[in-house]
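Colleague: Got a structure for you, questions after.
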Amino acid sequence: MNRVKITEYLDIEFDDESWVCNRCGWNLGPARENYKKGCLVYPRDPREVYPQVTAADLTFAPDPNWCKILEYYCPSCGIMLECEALPPGHPITHDLQIDIDDLKSKHGFSQPLTSADASQR
Amino acid sequence: MPVDLELVKEGRFKPEPPTAEELAAMSKLDRVDYSIYTMRVELACRESREVLQKLGISTLIRAGDTAHGVYTANGDLSIAEVGTYLHVVTGIIPIKFVLKHYLDDPMVGVKDGDIFFCNEAVYGGIHNPDMITFMPIYWAGRIIAWVASASHEPETGATEPGGMPSTARSRYDEGLKVPPIKIGEQFKLKSDIIELFENNVRYPLMMTNDLAARVAACLTLRKRILEIVEKKGAEFVLGTLRKMIIDTAESVKERISKIPDGTYRHVAFLDTVGFGEGLLRLPISLTKKKDRMVFDLTHASPQTPGPYNSFEHTVEAVFASLVFQYLLSDVPASSGCLVPFEFKTTPGSCLNAKQDAAVSHVVYLLPVVISALQILFIKALYNVSEYRKEEYLALPLNGGLRALGVSGKNQWGKEVTTHLIAIGNSRGGGARFSRDGVDSAGFWYCGYAEAADCEQDESAYPVLTVWRSFTPDGGGPGKYRGGTGVSFGYMIHNSETISLTTIGVGQRFPVAHGVFGGYPAGTRPVVTVDDASSLYSTDSKVPTSDTSLVRLIRQDAGIRIQPNSTPTRAIRKGGLVAQCSGGGGGYGDPIERDPNLVLRDVETGRVSKWAAENVYMVVFEQDGLHIDGKATEERRKIERLERRKRGTPFESFEREWNKLRPPDTALRFYGEWPVPFPV
Ligand SMILES: [Zn+2]
Chain A
0 MNRVKITEYL DIEFDDESWV CNRCGWNLGP ARENYKKGCL VYPRDPREVY
50 PQVTAADLTF APDPNWCKIL EYYCPSCGIM LECEALPPGH PITHDLQIDI
100 DDLKSKHGFS QPLTSADASQ R
Chain B
0 MPVDLELVKE GRFKPEPPTA EELAAMSKLD RVDYSIYTMR VELACRESRE
50 VLQKLGISTL IRAGDTAHGV YTANGDLSIA EVGTYLHVVT GIIPIKFVLK
100 HYLDDPMVGV KDGDIFFCNE AVYGGIHNPD MITFMPIYWA GRIIAWVASA
150 SHEPETGATE PGGMPSTARS RYDEGLKVPP IKIGEQFKLK SDIIELFENN
200 VRYPLMMTND LAARVAACLT LRKRILEIVE KKGAEFVLGT LRKMIIDTAE
250 SVKERISKIP DGTYRHVAFL DTVGFGEGLL RLPISLTKKK DRMVFDLTHA
300 SPQTPGPYNS FEHTVEAVFA SLVFQYLLSD VPASSGCLVP FEFKTTPGSC
350 LNAKQDAAVS HVVYLLPVVI SALQILFIKA LYNVSEYRKE EYLALPLNGG
400 LRALGVSGKN QWGKEVTTHL IAIGNSRGGG ARFSRDGVDS AGFWYCGYAE
450 AADCEQDESA YPVLTVWRSF TPDGGGPGKY RGGTGVSFGY MIHNSETISL
500 TTIGVGQRFP VAHGVFGGYP AGTRPVVTVD DASSLYSTDS KVPTSDTSLV
550 RLIRQDAGIR IQPNSTPTRA IRKGGLVAQC SGGGGGYGDP IERDPNLVLR
600 DVETGRVSKW AAENVYMVVF EQDGLHIDGK ATEERRKIER LERRKRGTPF
650 ESFEREWNKL RPPDTALRFY GEWPVPFPV
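Those protein sequences? They're chains A and B, same order as listed. Under numbering that gives the first Met the number 0, the first residue of the first sequence carries the number 0, and numbering increases by one thereafter. Under numbering that gives the first Met the number 0, the first residue of the second sequence carries the number 0, and numbering increases by one thereafter.
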């Protein structure tokens, strides 16, 4: 197991180059791709997070027609790994696109690529 | 003379290469002397800030929203000291403009004792309320350095009082705009220039007083620099001022080179363009390779028809004021900090507007952009163990800025115009790696700034502070929550009628985002009541926050719940206005928050019981005063199960999600929908 921390909840495992939930060890898919692809997603109505104070046009909570909060959960333990506020339908952000080769070399895992390795990547 | 575009394009805040003379001077510097005198120069800047703060009238000067800097002979910033660093970054171009165009112009020229001024964004400034005064320092007949003192003046003679008109449609609505100009000779201000400035603004006394105060601050700084020259020689000062810049550049390169290479992305949105509501998209991608970073902002919404626009160089200047306070708080705040960074913007977008654009709300637009950048830094830095601590993994102060301005006759019969700056300067702090954000942390641009005392506002302006209270649920929920921010209530007092202006963002779309599962801070409108005097003249329950006001007020009292940016209007004695400073974003999944911290927050009014139960998922005992630990653990376990049930696998989710679209009313200033990230 050769893991490094990437965020509060996400590690990268160098052995199989995957994203891993550090709360439960679940594999969230290839580290060279968007970890969100391995998550469950839920579009939260912001009025469930922020109390409404009035029934007026501006309720004090974000306007659900303008804003949803996308919540990304670990499919195994249910931790909320990340969330983002987006207008409904706005493209989802690929927030972490880390150069895995550079990451490996920074953590002392840089071995020259064999052709077999390279074809797998 | 047409504007010199060479001086305002991207990258012009970066330092120029050292001259042969500076290199020679640097090679002779003694390490110990250098470090002692670097501190000496920094302290001199701090002293000149004290001078300005004590002599100034503007509420922003008094709160510390000022900046003082020392520049090399050719106008590169060597060091700036606490306050709003942004102001001195934007001194660079005006100084270079004077050197390039006026030094050899016999009708202008530059001499010892000359005093210069600039408040024009097109010439390297920010927006016209930000006024900078600068002076050359001569020694043995030649310029060896420059000093500057800058501050925000809440009045410029614009179409609305206060210098930041929500209704501005072009630069010609924004009032007095002065390119770099000589305003004094032989260390004295020129009377004809003072007359010109006073003739253009609603609060002439403040204009002239603060102009003179900035000159006093410059003279203080100049005197201290000359003392060093007398003691250590001019060559020592030349070498020291250049070395500070080179040291900062080396230091920032070294710090960012430890971050894993890659591309990091975030997208922020604004919900106003000033005169009306609408979404603006502000996507940022940060690409880091070795010791360089490129920020791609090319997909921002088009230039707006209101004042929410920025020039290309302003983005870079605001970024500098972030890195000075965040990544580089322990090295000289010099223009060396910008060396490794490159900014890409699209001409004609709201981040690279045309010269005739209105830009007075640029200071509300850019904190949202640069706050998103700070989130990218947090994501990029987390992997590096030495950065995994609260100084680095800290969300910004709430960057959804808001302000409240009043203008008219005060209780002493004098015409005044100001912003009640406490709202700006009591933003909720962002949550951090190991603790909550500060509830009232400071000004986004200036951690040092203070919220003015109620008495200070009340003694000069016709208002009564009816409450200041921490905003319940104002901070973004998280394992560590954002600071709450503060709710302010002001009643118009001792004046029949005044003009009221409110400015700001964040009533429909959250602007202070969270990280790692922490939620953004919530939204907040402005509330005004035409006549609230009855509320405070009876024994009934008195409102102590905007939410309690909305609950207690009679509907016939003339209540309005409005966007933060609302055009200036008259409000009469007894009228009330409530605005919130805004909270910081949350860090981590809220259901990982220590239940005892949730209880403390409920007890102190920072979090409502509703949010404790529904967002933090804690269960109270029957008495409602204690947390039931076991039941809370169980409740949170069930929530994790429920998330797994209600969540959809990414690919099928994305397919359906991409079919959605906000209403057309939300997209009127947005540009093409949707625009994906640059790949
Ligand atoms: Zn998990």
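Just so it is clear, CB atoms sit at the ideal spot from N, CA and C, and this is done for glycine as well.
Just to make sure I have the definition right: I need the residues of chain B whose C-beta is within less than 7 Å of the C-beta of D94(A). Which are they?
Modeller: Y263, R264, H265 and K378
Colleague: Find the residues of chain B that neighbour D44(A), judging by a C-beta separation of less than 8 Å, and give them in chain order.
Modeller: Those do not exist, as D44(A) stays about 12 Å from chain B at its closest Cβ, beyond 8 Å.
Colleague: Tell me which same chain residues have a C-beta within less than 6 Å of the C-beta of R667(B), skipping the five on either side of it?
Modeller: Excluding five sequence positions before and after R667(B), the CB atoms of its chain that fall closer than 6 Å to its own CB belong to G277, given in chain order.
Colleague: Compare the C-beta of F13(A) with all C-beta atoms of chain B and state if any pair is closer than 8 Å.
Modeller: no
Colleague: Are the C-beta atoms of N64(A) and some chain B residue less than 8 Å apart?
Modeller: Answer yes: the Cβ-Cβ gap between N64(A) and chain B drops below 8 Å somewhere.
Colleague: Using DSSP with H/G/I as helix, E/B as strand and the rest coil, what is W65(A)?
Modeller: coil
Colleague: What does a CB cutoff of less than 6 Å around L4(B) pick up in its chain, not counting 5 residues either side in sequence?
Modeller: none
Colleague: Do K36(A) and G24(A) count as a contact pair if the criterion is CB distance below 8 Å?
Modeller: The criterion of a C-beta distance shorter than 8 Å is not satisfied by G24(A) and K36(A).
Colleague: Given E389(B), which residues of its chain have a CB within under 7 Å of its CB, disregarding the five upstream and five downstream residues?
Modeller: R431, F432, S433 and R434
Colleague: Report the neighbours of E81(A) on chain B: residues whose CB is nearer than 7 Å to its CB, in chain order.
Modeller: F515 and G516, listed in chain order.
Colleague: Nearest chain A C-beta to D472(B) closer than 8 Å, yes or no?
Modeller: yes
Colleague: By DSSP's criteria, S26(B) is part of a beta bridge. Which residues make up the other side?
Modeller: S26(B) is not bridged to any residue.
Colleague: Which residues bound the beta strand (DSSP E) around C579(B)?
Modeller: L575 to C579
Colleague: Can you name the residues that DSSP bridges to H625(B)?
Modeller: Note: H625(B) sits in no beta bridge, so no partner.
Colleague: For Y586(B) and G398(B), I'd like the C-alpha separation in whole angstroms.
Modeller: 16 Å
Colleague: Among R213(B), P346(B), G305(B) and L375(B), whose alpha-carbon lies nearest the alpha-carbon of M292(B)?
Modeller: That would be L375(B), whose Cα lies nearest to the Cα of M292(B).
Colleague: I need the straight-line Cα distance from L365(B) to D101(A), nearest angstrom please.
Modeller: 32 Å
Colleague: Which residue comes first and which comes last in the alpha helix (DSSP H) that contains R221(B)?
Modeller: P203 to K231 is the extent of the alpha helix (DSSP H) around R221(B).
Colleague: Closer than 8 Å, CB to CB, is P50(A) near chain B or not?
Modeller: Cβ-Cβ to chain B under 8 Å: yes for P50(A).
Colleague: Which residues are close to ligand 1, meaning CB closer than 6 Å to any heavy atom, in chain order?
Modeller: C20(A), R22(A), C23(A), W25(A), C73(A), S75(A), C76(A) and I78(A)
Colleague: Apply the 10 Å Cβ neighbour rule to P506(B) and answer buried if 16 or more other Cβ atoms are within range, or exposed otherwise.
Modeller: The question names Pro, but residue 506(B) is Gln in the sequence shown. Buried, because 16 or more other Cβ atoms sit within 10 Å of the Cβ of Q506(B).
Colleague: Over the uninterrupted alpha helix (DSSP H) stretch that includes I552(B), give me the two end residues.
Modeller: For I552(B), there is no enclosing alpha helix (DSSP H), as DSSP gives it neither H nor E.
Colleague: Check whether chain A comes within 8 Å of G646(B), counting only Cβ atoms and requiring the distance to be less than that.
Modeller: yes
Colleague: Report all residues from its chain with a CB closer than 6 Å to the CB of Y518(B); omit the five preceding and five following residues, and keep chain order.
Modeller: G475, P476 and G585
Colleague: State buried or exposed for G628(B), treating a residue as buried only when at least 16 other CB atoms are found within 10 Å of its CB.
Modeller: A residue is called buried when at least 16 other Cβ atoms come within 10 angstroms of its Cβ; G628(B) does not meet this threshold and is exposed.
Colleague: Name the chain B residues that come within less than 8 Å of P29(A), Cβ to Cβ?
Modeller: The premise fails here: P29(A) is roughly 13 Å from chain B at the closest Cβ pair, so nothing lies under 8 Å.
Colleague: With 8 Å set as the bound, which would you pick, yes or no: does the beta-carbon of I560(B) sit closer than that to a beta-carbon of chain A?
Modeller: yes
Colleague: If the cut is a Cβ gap below 8 Å, which residues of chain E does V200(B) touch?
Modeller: Reference to chain E is not applicable here, since the protein chains of this structure are A and B.
Colleague: If V576(B) sits next to S498(B), beta carbons under 8 Å apart, how far is it from one beta carbon to the other, in whole angstroms?
Modeller: With 8 Å as the limit, V576(B) and S498(B) do not qualify as a contact, their Cβ atoms being about 12 Å apart.
Colleague: Would the segment 135 to 145 of chain B and the segment 223 to 235 of chain B be scored as touching if the rule is three or more Cβ pairs under 8 Å?
Modeller: yes
Colleague: In the DSSP assignment, the beta strand (DSSP E) including E591(B) goes from what residue to what residue?
Modeller: Boundaries cannot be given for E591(B), as no beta strand (DSSP E) includes it and DSSP labels it neither H nor E.
Colleague: May I ask you to report which of helix, strand or coil DSSP gives P366(B)?
Modeller: helix
Colleague: Taking only beta carbons into account, state which residues of the segment 319 to 345 of chain B come closer than 7 Å to chain A, listed in chain order.
Modeller: none
Colleague: Once the 5 residues before and after R634(B) are set aside, which same chain residues still bring their CB inside 6 Å of it?
Modeller: M616 and V618
Colleague: Pull up the distance between the alpha-carbon of A316(B) and that of K658(B), whole angstroms please.
Modeller: If I take the Cα positions, the gap works out to 38 Å.
Colleague: Check whether chain B comes within 8 Å of C20(A), counting only Cβ atoms and requiring the distance to be less than that.
Modeller: no
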